[in-house]
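S.K.:
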Amino acid sequence: MSDVPARDREVVAGAIFRGGRLLLAQRTSPPALAGRWELPGGKVEEFETPQAALARELREELAVEVRCGARIGVDVQLSAGLVLRAYRAELVSGEPVALDHAQLAWVDAEELLSMDLVDNDRAWIPELLEELRAL
Ligand code: DCP
Numbered sequence: 819m820s821d822v823p824a825r826d827r828e829v830v831a832g833a834i835f836r837g838g839r840l841l842l843a844q845r846t847s848p849p850a851l852a853g854r855w856e857l858p859g860g861k862v863e864e865f866e867t868p869q870a871a872l873a874r875e876l877r878e879e880l881a882v883e884v885r886c887g888a889r890i891g892v893d894v895q896l897s898a899g900l901v902l903r904a905y906r907a908e909l910v911s912g913e914p915v916a917l918d919h920a921q922l923a924w925v926d927a928e929e930l931l932s933m934d935l936v937d938n939d940r941a942w943i944p945e946l947l948e949e950l951r952a953l
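To convert, take the position in the sequence shown, counting from 1, and add 818; that gives this note's numbering.
1) Identify whether Arg836 lies in helix, strand or coil by the three-state DSSP scheme.
2) Hey, how far is the Cα of Leu840 from the Cα of Leu896?
3) Could you tell me the distance, in whole angstroms, from the CA atom of Gln921 to the CA atom of Trp855?
4) Mind checking Arg903: buried by the 16 CB within 10 Å criterion, or exposed?
5) Please confirm whether Pro858 and Leu876 have their CB atoms less than 8 Å apart.
6) How many angstroms separate the CA atom of Ser932 from the CA atom of Asp926?
Following this line, the structure appears as structure tokens:
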């Protein structure tokens, strides 16, 4: 056994801001999360950087090209060995469409507070609101 702890596997999620609004996506699965809203993203694959994973996930889920920016909000521990992190994502090309979600919504600060966000993503509300109110 090594003394060096294994690094957590990461799930990345993208915060895309445009025109004073934030992009949210409504999940279709698993049943417990279906209908609830999230920042779109997914698991980082082995040997993949979080930045490359975010670009890949948003290409697969939204049909857009993004540039991954800085972290936003806290680390959310999903389970032993799995951590969820949000990154700003800048749209480079394409218009987001829901390829993997039920629907998309561009929300302002007030709407963000009224959405049924997945519990994990609620941890980021303070920073997301701060950003939306500054836009
Ligand atoms: N998750 C979350 N909030 C987000 C994105 C993801 O709480 N904004 C959670 C939901 C899942 C886990 O992270 O428990 C993995 O997310 P996905 O199922 O969306 O990711 P993948 O599609 O990569 O997973 P899988 O390989 O299981 O299909």
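All C-beta atoms in this analysis are idealised placements derived from N, C-alpha and C, irrespective of residue type, glycine included.
M.R.: For this structure:
1) strand
2) 23 Å
3) 9 Å
4) buried
5) yes
6) 10 Å
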